[in-house]
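Numbering (the numbering used here), first residue to last: 78 to 1011.
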């Protein structure tokens, strides 16, 4: 374990390192191989994805659906928003939309995040399958992002497209580019004509074709669309209320060239569209001469900061110091200005002919060169990479409360991109991906290291806007490759001290917090412990885990309601149609896995099985789709809820993590001890492990969870190691292990690992038997609200009723305590059962059936072995019933043991006045006469 390092030491080291010439764009010499060095603090080590191959089964079937989606999706669609931000050609690709587009929720302020998720999915797909198609997509994306960063590092350059007369310049929507004209462009003219060809590509209102002004008081503009969707010209010296204007009569068509012209002379102003005068105002008193010298003379940008930048192309912008005649305007419709009767503008004339730079020569003879600019200037550091301007990062630094319509988690989005790039590097050894990732961290460090600690604490505590996801984990991972001191220092700049200190002290402050904003933070803090040795990070993470599981956990392994946590222990009281955000389960799995590397407490892997086999598997629809990954956002636990696999507007965070989950199902099936002396079998899943250090393979053959056990076969050479087999906490009896047909001595304990130590040889076979039984788990705040489990499988009722199903389970309970005999198996459908006319099926099946994840337990009569005693089932004030207390004694060795238990409990209840003597005798007599399943 590394010695503790304080924040000051790290920052001083980083400052010294940053003083060395060079930036993130250079080669990272420390990266000699595409592997992450395992932390010395980890007692266990994971196996790379490419060493664990999935066999056929439910995981492989779900994964194939996602692999097909990954293979078929056009990555140019994902790159569209990045290229647009850099002013590059988008190759006519259509952005995915939803959260990954400008028209999505909160103005598309999260765009770029989904691209990072997709890169991670591709990287995992390539590592898992070795299919070159995924590597090709990765390299194409990395190459494009490298071009994007290079373009962002430079001043914007003309994007040449086919124009009305030849070349033209296009402002791609999302580029935030405009043409800046010199102050003298209007020449103080009292009479004027402005003429331009435009090809709008988006229908947002108030996009400016041109705007000449100082502010929002003195200006003259032409908008392609006003509030009514038609062109508008206006001039004013007293703001919007004093505008003298001209309005068109019809909207300009999208993706077609249209000619616009405005003439002002004396008191008359005229607006022309495609050569036709569509509006005239004969009472105008304002003209450019009264505006004076203006500082903002723009094509495509408004003096009102809230207005959108013009999206589309410009060709031929001319300004004359006179009002052209109608005939001259007509001549411009079929001729370039230079060959028209009007001639070139004498005040300004721009052809927008192709150029490799970002300046446009003035053909008027006045030498008024125009310059292409970005509304936000440019990146503060050459390592900046995003699908939107740096403005969200800048604005966050002064925010005091969240507003995702202004700033939506920019460091969260940065994390997804950073993680995707790091995963791309690890999968393909593409140095460009590492360079991009390292540069991003250099840029973030350059921003955040300048901020006071109080500012950082305020930022990270802001809901939504300050969310930063799992960025700390990824930065520490990157640091393990680059070795750059500023990268580790950067990771510590995300310390949220209030949260860390409270959790380290085991003080629960989670009530009211956004769940997924905080879960991935702790995975990062565990990695900071690995890198610095500061124990508060690990202690906080362990305590935090215990505050969520089981205190705020639903049976399927999920957590949160409407994305937030409520009070500790409140489960039934939070059930809604917005429970269990899928991202939360994804991140809790990551945290549980990482904590297990440090502390081999089986509870972490028990949770892993629960959440993986239920919520995570069930969040993926069992259906192919080329456009969508088909993953849930919320999983409602209200009665009759139908899962939505195309949530919100699409490309959400949960669809992103869902893509990742479905391409790494095998990542925690096996772990090894750091010294290779033991192999942990954490999950029973058909798979083949290649353990190169030992020279062996381990093939697991099973149809688990449709099969109650698994067979492991050793291949390759011989090797000595401990085989540690997880005994699930629910496997309370009957767990058995044989090696080559012989029983292994020892007593497996539920919620532990059973160890078999020997020298293994090729052909050795280990059979693990894991009997399932039906059990219930009760909501912490309402014991009558229960969810059913058969082994690891959560069973949900498929019923359209919108109130909780009333369910009785003791009717034919087995002597073992197994409640399954009260249900009837459905022929030909493994793990499907019926009860009282309702079919119960595995939660992991990704269907659109209305489901009941929780049922209302109702045992109105005392019934044994399907024999009704005729006696009502009495209950104590806490809700515990007579049958509850009787069956709490299970398992029973035989029927006599059960009858003895019944007699004892009845005597107690009769003595307490809770049950009449005669009824008690009926209960005991019914138990004696009944026939029980063993």
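Yeah, the Cβ is synthetic: ideal placement off N, Cα and C, and Gly gets one too. In this text the structure is predicted, and so the values were computed from the model without any measurement.
N-terminal and C-terminal residue of the beta strand (DSSP E) that residue i is part of
i, result
"residue 946", "944-949"
"residue 410", "Here residue 410 belongs to no beta strand (DSSP E), and DSSP marks it neither H nor E."
"residue 535", "Segment 530-537 is the alpha helix (DSSP H) holding residue 535; no beta strand (DSSP E) there."
"residue 349", "345-350"
"residue 718", "It is not in any beta strand (DSSP E) - residue 718 carries neither H nor E in the DSSP assignment."
"residue 933", "932-934"
"residue 361", "Segment: none, residue 361 is in no beta strand (DSSP E) and carries neither H nor E."
Residue i, enclosing alpha helix (DSSP H) - first and last residue
i, result
"residue 600", "592-609"
"residue 875", "Here residue 875 belongs to no alpha helix (DSSP H); instead the beta strand (DSSP E) covers 870-875."
"residue 683", "679-688"
"residue 581", "574-581"
"residue 1012", "The structure shown does not extend to residue 1012, since the chain is modelled only from 78 to 1011, so the question has no answer here."
"residue 726", "Unbroken run through residue 726: none, as it is neither H nor E."
"residue 212", "209-230"
"residue 519", "508-525"
Own chain partners of residue i with C-beta closer than 6 Å, once the 5 adjacent residues on each side are dropped
i, result
"residue 390", "238, 245, 247, 276"
"residue 869", "686, 690, 782"
"residue 788", "778, 844"
"residue 146", "706"
"residue 946", "939, 999, 1000, 1003"
"residue 19", "Coverage of the chain is limited to positions 78 through 1011, which leaves residue 19 absent and any answer about it impossible."
Own chain residues within Cβ distance below 8 Å of residue i, not counting five before or after
i, result
"residue 1001", "976, 979, 980, 983"
"residue 113", "503, 554, 557, 558"
"residue 233", "164, 252, 254, 435, 449, 450, 451"
"residue 577", "602, 613, 614, 617"
"residue 853", "863, 864, 865, 866, 886, 896, 934"
8 Å contact criterion, which residue i and residue j should meet: CB distance rounded
i, j, result
"residue 485", "residue 186", "4 Å"
"residue 215", "residue 200", "6 Å"
"residue 801", "residue 761", "Not really, about 13 Å apart at Cβ, beyond 8 Å."
"residue 792", "residue 815", "Not really, about 18 Å apart at Cβ, beyond 8 Å."
"residue 480", "residue 542", "6 Å"
"residue 838", "residue 795", "4 Å"
"residue 846", "residue 883", "About 35 Å separates the two Cβ atoms, so there is no contact after all."
"residue 462", "residue 222", "7 Å"
"residue 270", "residue 399", "7 Å"
Residue i in three-state terms, based on DSSP
i, result
"residue 246", "strand"
"residue 429", "coil"
"residue 474", "coil"
"residue 378", "coil"
"residue 673", "helix"
"residue 1008", "coil"
"residue 497", "helix"
"residue 235", "coil"
"residue 1030", "Since the first residue shown for the chain is 78 and the last is 1011, residue 1030 is missing from the structure and cannot be characterised."
"residue 626", "coil"
"residue 373", "strand"
"residue 333", "coil"
"residue 667", "helix"
"residue 553", "helix"
"residue 996", "helix"
"residue 734", "helix"
"residue 438", "coil"
Chain C contact for residue i (CB, 7 Å cutoff)
i, result
"residue 939", "Checking the listed chains, one finds no chain C in this structure; it contains a single protein chain."
Residues near residue i by beta carbon distance below 7 Å, same chain, minus five either side
i, result
"residue 735", "659, 696, 697, 706, 708"
"residue 501", "196, 200, 215, 219, 507, 510"
"residue 889", "898, 899, 942, 943, 1010"
"residue 713", "653, 654, 655, 656"
"residue 764", "129, 130, 131, 132, 743, 746, 777"
Proximity test, residue i beta-carbon vs the ligand ADP heavy atom, cut-off 6 Å
i, result
"residue 951", "With respect to the ligand ADP, the structure shown offers nothing to examine, as it has no ligands at all."
Would you call the stretch 242-259 and the stretch 444-453 in contact, with 3 or more CB pairs under 8 Å? yes
Determine contact between the stretch 276-295 and the stretch 323-339, defined as no fewer than three beta-carbon pairs at a distance below 8 Å. The stretch 276-295, when compared against the stretch 323-339, does touch it at the 8 Å Cβ threshold.
Using 8 Å as the threshold, is the stretch 599-619 in touch with the stretch 644-661, meaning 3 or more CB pairs across them? no
contact_flag[the stretch 720-729, the stretch 160-177] where n(CB pairs < 8 Å) is 3 or more: yes
Cβ contact (3+ pairs, closer than 8 Å) linking the stretch 216-229 and the stretch 132-146: no
Decide yes or no for the touch test of the stretch 617-633 against the stretch 658-672: beta carbon pairs closer than 8 Å, at least 3 of them. yes
Pair every Cβ in the stretch 423-432 with every Cβ in the stretch 387-405, then say whether three or more of these pairs are closer than 8 Å. yes
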